[in-house]
Each structure stands twice: as C-alpha cells, then as structure tokens.
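Chains as they are written, first to last, in the numbering used here: chain A, 11 to 314; chain B, 1369 to 1722.
Beneath this line is the structure, given in structure tokens, with notes to follow.
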Amino acid sequence: MQKIKCALIGSGNIGTDLIYKIQRSEYLEPVWMVGIDPESEGLMRAQEMGLKTTAEGVDGLLPHVEADGIQIAFDATSAYVHAENSRKLNALGVLMIDLTPAAIGPLCVPPVNLREHADKYEMNVNMISCAGQATIPIVWAVSNVQTVDYAEIVATLSSLSIGSGTRANLDEFTYTTSDAITKVGGARRGKALAIINPADPPMIMRNTISCITDEEPDQESITASVLATIKEVQKYVPGYRLVNGPAFDGKRVTVFMEVEGLGDYLPKYAGNLDIMTAAATRTAEMFAQEILAGTFNPQPVEVA
Amino acid sequence: MTDSMISGDRRSRKVILHDMCLRDGMHAKREQISVDQMVKVATSLDDAGVPYLQVTHGAGLGGNSLQHGFAIASNEEYISAVASRMKQAKVSVLLIPGLGTMKELKSAYKAGARSVHVATHCTEADTSPQHIACARELGMDTTGFLMMAHLNDAKGLAEQAKLMESYGAHTVYLTDSAGYMLPADVKDRIQALRDALKPETEIGFHGHHNLGMGIANSIAAIDAGATRIDGSVAGLGAGAGNTPLEVFAAVCERMGIKTGVNVFKLADIAEEIIVPMMDHIVRIDRESLALGYAGVYSTFLLPAKRAAERYGVPARDILVELGRKKMIGGQEDMIDDTAMTMAKGRGLLKAVAS
C-alpha cells in the first residue's frame, strides 16, 4: 500500500522516537531526518534506521522535498526556529506537524479535536506539549460534563527523558500548555506546572489533573466521562493509566494518572515522549488517510 | 563544636544574612500571612539591619495554585507593600522554573523586588538559564539555588553550580531542603563549590532545622567559604523551620563573624511578633524529624498531615514512603496520591473500577 512520505526535523529524543512510531504506521513512511550536528547520536541512528539525513538544518532538506515526494514534516526543534521551518516547508506544500511549543497553528489533542482540524485541512497543527497531551483529555472529559472554572495540571517527568531544548525553554512549555488547557480542554482558566525528577531508577511520567467546577460535581457522570476518555487515549498510548481518583472534594475533582511508554527509543518510564510522538503520529495519519483517499491535496502556502 | 570551629580565622569575616520568614514561613502558615503582617515583620527586620528578606508565596512566583495553596494576596501585592517601606533592606523573591516564569519575575521586579533565588532541584540546573539571564537583565541580585542538595554529591553539585554561574548567577546556594545534611556533608560540598567557581561568585547556604543542624551547618558552610546564609527569625519555615536567624546572628557575633544585624532586636521580633503569629509551634515534632531523618522535602509536612487525617494513614508513614520514592520539591500532588495508594493497600479506600 502507498504511504505518505515524511521528514523529521530535530534529531533529539522526540525526533528519534518518532522514527519508530512512523515506521510502524500503515499510512506514513519516514524518509528524511534533519539535524544540525553531523556528529549527533540522533542523526547517526536515523541513518542506521535507513533514513536520509542532513546536518544542514531545514535548508538541507528543501532541495529534496519535491524529488522525494515529502508531504508531511514533523518539527521537533524549538519554538524559536519552528516559524521559519514551517514557512519554508509550507511554501513547498508540505504539511507541518509542530511538536515545539511555538503553536503557530491550531492546537491538537487527538481525542478532543483532531477530526475538526483534519476536516479543515490545516497546513500546520501544533501538538502543544507532552504534559498537554497527557492531561488535556481529562480536563476535556470533565468540562464535557459541566463547566470548569479552573483546571490545573502537574506533570512530573523523569530527568533522563527531558532533552536540552525543553530544559532551556521551560517557560514556553508552561505558557503553551496553560493556554491549551483553556482553548482545548475547555476550562475557563488554566495553569500548568512541570517538575523534572532525577530519581534512579527513573520514575514513570505522572500527571495530576485538578478541575474546579462551577456547580457541585456530578460524581457519577464525571467518573464515567473520565474513564471513557482514558480508553480513547489508550487507543494510541496503551500505557495511559488511571492511578487514583477521580477524587472529589467540594467542587474540586482530582485525577491521578501515569503514562508508561512503549519503550521504543527511551525506556518505558518516558511515557511523556510516547504520548507526544504517538499523538503526532496519529494526527499525521488522519491527514495521510485524507491525502491517500484523494480528499486532501496539500498545496503550497503563499507567503506574503 | 570542636575547637577548630571557633578558631580565629573566621574573625572579621562578613556574612550576608537573608531572612526567609515571609517566604519559607508562608509554608508553616499555609500561605495565610496578611499584607499587614508582612509589612510589620519586614519593617522590623529592616530596622534590625537584616540586609535581604524574601517575600512571596511559599513556593515563590507562580506559587498560587491548587498544588501549593492560595495566599491571601498576590505576590505583587506583598512585594510592593513591603518594598515601599524598606529603609535599607532589599526584597527578594523565589522563582522555581516549571512553576514561576519570566513574566512573573518581571512583574515582581516592577513591584519592587531586587533580588531573586532561582531554584532548581540539585541535578537540574539547566532548567534555569532563561530565568537567571532574565534576572540579570533586570539588574537583580541573582542567586542560583540548588535544592535538596543532599541528593547530589560534591562533584555533581560543583558542576551544577558552574552551570548556574555560566548563566549569570552572582551567587550559588546549596539548599538543604530536607534538613538532612550534617556539618561534614555541608563542608565537603561547599568546599567543592568554592574550588570550582570563580572567586567573585559568592556561595550561600540555606538550611532546615529538622535534625537541629541549621546553625552548625551554616557555620560549616562559612568555614568552607560561604558568605551568604539564609535563616528565618524564630525559625518560621517549612518542616521544623529554617536556621533560626536570631540564634545564628548571636553565634556569629560570638565567633567574630560580622553580620551587621542587631541580635537583641531580632530576638525581640522572634518573641513578640513571629511566635505569636505561628499556627503551630514550629519545632522538631515527630513528623519533622522524619523529614530530616528520611531526607524528605520539608514543605511536605503539613500536606502530609492533612492527607493522614483524610485517608487514615499516619503522616510519618506517608513521608517515609515519599522519601523512598525519591519525590522532590514541587511534587505535593504525590502526597495525596501516595496516601491514597497506601490506603488502598491497607483496605481503607476502594479503587474506582475502570
């Protein structure tokens, strides 16, 4: 079966893990890996895994886009270079899946709003952050039942799973995730907290989601909605699990989750990596299916 | 205390004291210190000659949250009320990346803060470059603050400190957040920082008194080259509190270490203002002792006591389990989570069917 050819930009943890996810896809094929350091482990690994590589950044990829038929690119670099990467690739008709906190395009959490973005044939969609992917489905599950005035999420990530880019730009991670809690999760106000824990052996990704509802929470409906949403996320991240809760305290609803990864690139504790790459892959697949069916034909985006 | 610890070589050394009772003390007050109380305490500390005092939510900038509790007023309200009344003291703030952001730092600066502790876990200094650079750009007295320092060795801490120095920190602190360290641990680690950092970079120590070592540890730090010490009048702070500042100032005076503060004025503030403010007497109770003994973040004390009441698992058991699971500062959500998991294991709580 024909597959849509993809380029991966950024050869760090996320980019490398993406190779595994995309190689398993029925609809996607990883063809290029773009880095900036020829000595980087990520580029060497990509080469070993059969991808073409360049250490010249996105400019090294551009001359090959047409000949190699690249139609979807995943950007796992940083918020600061994403805009430029997106502009250059969109101009060649390549659809961007943005895994940086740049968030130029609409924010996407697959079980919540992927269908909506695919129907609009967006040329750039943003995957928010690992914490966003892990927590916003739960905020949405509660806000589906009744109005959420405030949602707060705490994501704890193992130190070994957090790359240098995220570390150096932690504020962007916080801003983008907080923003998405309201825009996608449906809460009136939102706040995101991130903690990086160096315990050895590494701790599995943990997420605590708290919502304050306007009215007394309908415990039965909220519990049912949360459990149903967890099942939706498990379709692409099997290790997405409820640990404790939903716990109810007045108008506060708290849900304690963990995310175990598939152990593709980093070991299973790094569920944060998996939930991000799995969500991005699922998003790309939805667009790829439309392209393969002939219902979506990505066009070069004119730049003013 | 050995003879070498009261030797003459520290005579006439200068140490900058930094009071924490209006920040770390917020933990012990469940964030419920009013603006008026802050102004009263801060003006008294200013009058007693304390050069720096920290004023924010216990968890610092961005701290107001379900995770860390909501204070009576915003950080900006506290800072501006206090800063506008200071004659000599500088107001500082705490910023933990992942919780506080540069936006909040700029806002705190605008409200009058002129010094900041940018705090990371003791192995995660590389989450602080943008905040330290931002503080320097604002012209603030900038400290890198390595928390839970007992969880890293001397060499590792020196590497982390060098990162913070490279981002622009004027001072790097070792922070004994669990009140776990002993004087020899402190001395080794501070010495490693002194050897690794540039001579103009200052070194500080922030202690907790869970094993009663706040003062001895701070003196050990000074012996190894520290020139800045955090404490808290009457020890008002998380766990069994911080190094009690009035006691420490008295010890310094006896040793000939210059702090520039008035010991008796501090003692009066402790007795007449701080102790009457306390909701519980900040002391080494059995749970605080467990913090120091097991190496657990001091701020976990009160939330663990609340979780104990709620789920029927003793607070000490919860704290020891948190220590075993190597939970670090900021993971307050894991207190309830751990209590619930323990309660299920003991047949006290039923799991939600999934």
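The beta-carbon is built from N, C-alpha and C at its ideal position, and this holds for glycine as well.
Remember, predicted model here, so these are calculated numbers, not experimental data.
Cutoff 8 Å: residue i Cβ touching any chain B Cβ
i                : result
ASP129 (chain A) : no
ASN282 (chain A) : no
ARG198 (chain A) : no
LEU168 (chain A) : Note that residue 168 (chain A) corresponds to Ser in the displayed sequence, not to Leu. SER168 (chain A) does not count as touching chain B.
PHE266 (chain A) : yes
GLU242 (chain A) : no
is_contact[residue i, chain A] using C-beta, thresh 8 Å
i                 : result
SER1433 (chain B) : yes
GLN1528 (chain B) : no
ASP1653 (chain B) : no
THR1491 (chain B) : yes
LYS1694 (chain B) : yes
ALA1394 (chain B) : It is worth fixing the name first, because residue 1394 (chain B) is Met in this sequence and not Ala. It does not: the Cβ of MET1394 (chain B) has no partner Cβ on chain A nearer than 8 Å.
GLY1536 (chain B) : no
ASP1521 (chain B) : no
THR1424 (chain B) : no
THR1511 (chain B) : no
GLN1699 (chain B) : yes
MET1702 (chain B) : yes
ASP1371 (chain B) : Residue placement at ASP1371 (chain B) is flagged as unreliable, the pLDDT there being 40, under the threshold of 50; the coordinate-derived value follows with that caveat. It does not; no Cβ of chain A falls within 8 Å.
Within chain B, partners of residue i - CB distance below 7 Å
i                : result
THR187 (chain A) : The contacting residues do not exist; THR187 (chain A) stays about 11 Å from chain B at best.
LYS201 (chain A) : SER1433
THR233 (chain A) : VAL1720
ASN254 (chain A) : ASP1705, MET1708 and THR1709
LEU220 (chain A) : Reading the sequence as shown, one finds Ser at residue 220 (chain A) and not Leu. The answer, in chain order, is LEU1434.
ALA209 (chain A) : LYS1694
GLU162 (chain A) : SER1433, LEU1434 and GLN1435
Per-residue burial, residue i [other beta carbons within 10 Å of its own, 16 or more giving buried]
i                 : result
GLU295 (chain A)  : buried
ASN1443 (chain B) : buried
ILE19 (chain A)   : buried
PRO48 (chain A)   : exposed
TYR90 (chain A)   : exposed
LYS1523 (chain B) : exposed
GLU58 (chain A)   : exposed
SER1380 (chain B) : exposed
LEU1716 (chain B) : exposed
MET1516 (chain B) : buried
HIS1648 (chain B) : exposed
Alpha-carbon spacing of residue i relative to residue j, whole angstroms
i                 : j                 : result
LYS1382 (chain B) : TYR1420 (chain B) : 14 Å
ILE14 (chain A)   : THR291 (chain A)  : 12 Å
CYS1389 (chain B) : SER1496 (chain B) : 24 Å
VAL1631 (chain B) : ILE1587 (chain B) : 17 Å
SER21 (chain A)   : PHE1616 (chain B) : 52 Å
MET1710 (chain B) : ALA1526 (chain B) : 37 Å
THR63 (chain A)   : TRP42 (chain A)   : 6 Å
GLY1428 (chain B) : GLN1528 (chain B) : 21 Å
VAL306 (chain A)  : GLY142 (chain A)  : Note that residue 306 (chain A) corresponds to Phe in the displayed sequence, not to Val. The straight-line gap from Cα to Cα measures roughly 28 Å.
THR218 (chain A)  : HIS1499 (chain B) : 25 Å
THR233 (chain A)  : ALA1635 (chain B) : 54 Å
ASN100 (chain A)  : LYS31 (chain A)   : 23 Å
ALA83 (chain A)   : MET106 (chain A)  : 5 Å
ASP1509 (chain B) : ARG177 (chain A)  : 23 Å
ASP69 (chain A)   : ASP1392 (chain B) : 50 Å
GLN1435 (chain B) : LYS1471 (chain B) : 20 Å
ALA93 (chain A)   : GLY1663 (chain B) : 45 Å
Within chain A, the residues that residue i reaches when beta carbons sit closer than 7 Å
i                 : result
MET1710 (chain B) : Going along chain A, no residue has its Cβ under 7 Å from MET1710 (chain B), so there is no contact; the nearest lies around 11 Å.
THR1495 (chain B) : ARG177, LEU180 and ILE206
Contact test: residue i Cβ vs the ligand SAM heavy atom, cutoff 7 Å
i                : result
VAL265 (chain A) : Absent from the structure shown: the ligand SAM. Ligands present: none.
Any chain E beta carbon closer than 8 Å to residue i
i                : result
ARG216 (chain A) : Structure shown: chain E not included; protein chains present are A and B.
Under 8 Å from the C-beta of residue i: neighbouring residues of chain A
i                 : result
PRO1465 (chain B) : LEU180 and ASP181
Within chain A, partners of residue i - CB distance below 9 Å
i                 : result
THR1469 (chain B) : LEU180, ASP181, THR184 and TYR185
Partners in chain B for residue i, counting only beta-carbon separations shorter than 9 Å
i                : result
GLU300 (chain A) : By Cβ distance, chain B contributes nothing, its closest Cβ being about 33 Å from GLU300 (chain A), past 9 Å.
Report the residue ranges of all beta strand (DSSP E) runs contained in full by the region 1480-1534 of chain B; include only those spanning at least 3 residues, in chain order.
Entirely contained in the region 1480-1534 of chain B, the beta strand (DSSP E) runs reaching 3 residues are, in chain order, 1483-1489 and 1509-1515.
Completely contained beta strand (DSSP E) runs for the region 218-290 of chain A, where each covers 3 or more residues
Listed in chain order, the complete beta strand (DSSP E) runs (minimum 3 residues) inside the region 218-290 of chain A are 250-259 and 262-269.
Could I get the ranges of all uninterrupted beta strand (DSSP E) runs contained in the region 1587-1631 of chain B, with 3 residues as the minimum, in chain order?
Runs found: 1596-1599.
Return the chain-ordered ranges of every beta strand (DSSP E) run that is complete within the region 92-163 of chain A and spans a minimum of 3 residues.
Here the runs fully enclosed are 105-108 and 134-136.
Restricting to runs no shorter than 4 residues, where is the alpha helix (DSSP H) found entirely within the region 1371-1454 of chain B?
Runs of the alpha helix (DSSP H) lying entirely within the region 1371-1454 of chain B, each at least 4 residues long, are 1392-1396, 1403-1415 and 1443-1451 in chain order.
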